[in-house]
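A.B. asks: Here it is, the structure in full.
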Amino acid sequence: MRLGTRLREIRAARNLTQKDMATQLNISRSTYAHYELGSREPDIETLKSISSILNVSLDYLSGNTTCPQKVDKLLEYLSLQAKSHPDLRISDLDLKKLD
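Per my numbering, the sequence shown runs over residues 25 to 123.
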């Protein structure tokens, strides 16, 4: 999937407008629209900002993974679950099955 398509889909899923994104990125709406259309590529710093605003990983934005969640958020969630359910354990063997 193209970067622009991903940007549009995630933004819409978050109920954000192109103007909302542009304002948070401190760019014009037309510049952001060009990112979604694929006629312009954001630089790495802008991609990092977009990733943060949309709460997805750079790997997801670039198409390197189909999992939009950031790994650190997932690890944080698992850590909280382990603390609240001490009898719940994930073994190394279980983790290897995820690879």
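For every residue, glycine included, the Cβ atom is placed at its ideal position computed from N, Cα and C.
Quick check on DSSP: helix, strand or coil for D67?
C.D. replies: Three-state result, D67: coil.
A.B. asks: Using the three-state DSSP reduction, which class does L40 fall into: helix, strand or coil?
C.D. replies: The answer is coil: DSSP assigns L40 none of H, G, I, E or B.
A.B. asks: What does a CB cutoff of less than 6 Å around I77 pick up in its chain, not counting 5 residues either side in sequence?
C.D. replies: The answer, listed in chain order, is Q48.
A.B. asks: Let me know the secondary structure DSSP gives D123 once reduced to three states.
C.D. replies: Note that D123 scores 48 on pLDDT, short of 50, meaning its location in the model is unreliable and no value can be drawn from it.
A.B. asks: Which same chain residues end up closer than 8 Å to I51 when comparing Cβ atoms and leaving out the 5 residues on each side of it in sequence?
C.D. replies: Excluding sequence neighbours, I51 sits near T70.
A.B. asks: Assuming D83 is part of the alpha helix (DSSP H), what are its boundary residues?
C.D. replies: 82-86 is the span of the alpha helix (DSSP H), which, as asked, contains D83.
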